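K.L.:
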Amino acid sequence: MCGRFSLKNSRDEVEAALGALIPDDFPPRYNIAPTQPILIVMPSETVRPVGSNRPDRAGHLVRWGFVPSWVKDPNARAPIFNIRSETAAEKNSFKAALSHRRVLVPASGFYEWRRNGSNRAQPYWIRPRHGGVIAFGALMETWSGADGSQIDTAGILTTGANEALSLIHHRMPVVVVPEDYARWMDCKHYLPREVADIMQPAPDDLFEAIPVSDLVNKVSNTSPDVQLPVSADLTATATRPKKAGKKTGADDDSGNGQLSMF
DNA sequence: CCAGACGTTGTT
DNA sequence: GTCTGG
DNA sequence: CCAGACGTTGTT
DNA sequence: GTCTGG
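No gaps in the numbering here: position 22 of the first sequence is 84 in my numbering, and each next residue is one more.
1) Give every residue of the same chain whose Cβ lies closer than 7 angstroms to the Cβ of Asn71, excluding the five residues on either side of it in the sequence, and list them in chain order.
2) Counting only runs that start and end within the stretch 137 to 191, where is the alpha helix (DSSP H) found for 4 or more residues in a row?
3) Does Arg164 pass the burial test, meaning 16 or more other C-beta atoms within 10 Å, or should it be called exposed?
4) Considering Arg233, what are the terminal residues of the beta strand (DSSP E) in which it resides?
5) Is the beta carbon of Ile213 less than 8 angstroms from the beta carbon of Ala200?
6) When the distance is taken between beta carbons, is Arg119 closer than 8 angstroms to Thr215?
7) Between which two residues does the alpha helix (DSSP H) containing Ala197 stretch?
8) Can the beta-carbon of Met261 be found less than 8 angstroms from the beta-carbon of Leu166?
9) Is the beta carbon of Gln184 sitting closer than 8 angstroms to the one on Pro130?
10) With DSSP as the reference, label Asn93 as helix, strand or coil.
11) Under 8 angstroms between the Cβ atoms of Leu123 and Pro99?
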């Protein structure tokens, strides 16, 4: 799913990674939650002078929680912070944005909560093994109020978890690789079906998952401490809930609890 | 034709 | 706004 | 995503 | 349980 993430790289790193001009005020953020402002990157709206060296992409802050343009009262609805990539093309709410407003959301990594039976959810900090900035595929929309006010919003696309992350959760954000940035955001030349291949689970070896304390659960905890590893890990918690109602034996994760990819 | 929905997650 | 259901 | 609230009256 | 807030 991706209902919480972090962007702690410097402004310069993000500009270099995305090839975009990023706004000045740019503190590291360790615990970004739905409804908060998030950075999106999209093609610049202004025409560049010929021969300009300036990036032709720009970052903007928008509200995390996609609001379809036809909604009357954006605050009366639960924010749509994730959008299923498998069905986005068929949904009224997302069709236009998938055709015309495909954007990227720069991130340093994201969080997933692993639930195990009745046990408490264990949060994991999931980051690229070799660091750097990643980019989630996202859709942007501008909501217009009756009074002429406007709110820019975005939702992060999701797909099935890759094999490595499926031990933690069954969904994951769409991660766009740098070679696909231009095609993803070029809505003038590429139709949704021509970018469908981008909305796939990331390779198994891209991420590492680090169990962290539940400090991250609380949105008001915004210090780097939310990413401190804890000893509790998949091995310790990957046991079947004791009083399982049925005994399938096939599709659970009990095994030996071992996680080769971590 | 008009009315009504329009989303994701996880859990049962 | 646009689609589905009746 | 998780955390936290979830209510009214009257009085100051 | 269900909704709102971040």
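Backbone N, C-alpha and C define an ideal beta-carbon position, used for all residues, glycine too. Predicted, not measured: the structure shown is a model, and the values here were computed from it.
P.N.:
By the coordinates alone:
1) Ser170, Val195
2) 154 to 162
3) buried
4) 233 to 235
5) no
6) no
7) Counting along the chain, Ala197 falls outside any alpha helix (DSSP H), though it belongs to the beta strand (DSSP E) covering 196 to 206.
8) no
9) no
10) strand
11) yes
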